[in-house]
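These notes concern the structure reproduced below.
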Amino acid sequence: MMSSLHHDDEIDPESGTQRKPSIITFYNSTKSGVDVVDKLSRTYDVSRNSKRWPLTLFFSLLNHANINSFIVHMFNNESSKKKKRQSSCSSRKRVHQILDEEVPGPPQKQPRKSQRCSFCPRNKDRKTLNGCFKCNVAICKEHANLMCQKCTDLDNG
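See below:
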């Protein structure tokens, strides 16, 4: 590996038993920028396959210009995002204070295991994720009526 920063082949004492040269440990500690640029260039790639090298170079420059403009945009708009986030949080807190009540969050549904419909014959073996809202018995779409047949009969009878 060549570097204009490192001129000798000294071993980095922090590498321990692996005994890596200092140029390698320096590269490993600073290569995250290259990884970020590679990731962004894959995400926002504008290049096309071409056998002509000037066109390939142009697309590469266009990709890097795109990444640079994205970074400048994020840097310039960083403070406005924080202000929006802070103002929305403070607005919610203020609404809760004015209403003087707690607003419940969305109900938490637990994933239901696939069960056999309790009304279908065993030889059909219909599996379903649906269940009765009252008694929580597994029911297939054919027998579903927002409540199972038994609960509907109890309500009507």
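For the sequence shown, the UniProt record's numbering gives the first residue as 1, with consecutive numbering after it.
All C-beta atoms in this analysis are idealised placements derived from N, C-alpha and C, irrespective of residue type, glycine included.
None of these values were measured; they are calculated from a predicted model.
When DSSP builds the beta bridges, which residues end up paired with Lys127?
-> Arg116
Take the Cβ of Ile139 as the centre, count every other Cβ of all protein chains shown within 10 Å, and call the residue buried at 16 or more, exposed below.
-> buried
Can you say whether Thr128 is buried or exposed, counting buried as having 16 or more other CB atoms within 10 angstroms of its CB?
-> buried
Quick one: does the C-beta of Ser50 sit closer than 7 angstroms to a heavy atom of the ligand ADP?
-> As for the ligand ADP, it is missing from this structure, which has no ligand bound.
On the three-state DSSP scale, how would you describe Pro21?
-> strand
If you draw a straight line from the alpha carbon of Ile24 to that of Asn76, how long is it in whole angstroms?
-> 34 angstroms
Straight-line Cα distance separating Glu14 from Lys20 = 9 angstroms
Between Ser41 and Asn68, which are expected to be in contact by the criterion C-beta below 8 angstroms, what is the C-beta distance as a whole number of angstroms?
-> Wrong, their Cβ atoms sit about 11 angstroms apart, outside the cutoff.
Please classify Ala65: does DSSP put it in a helix, a strand, or coil?
-> helix
Is residue 165 helix, strand or coil when you go by DSSP?
-> No answer is possible for residue 165: the residues shown for the chain start at 1 and end at 157.
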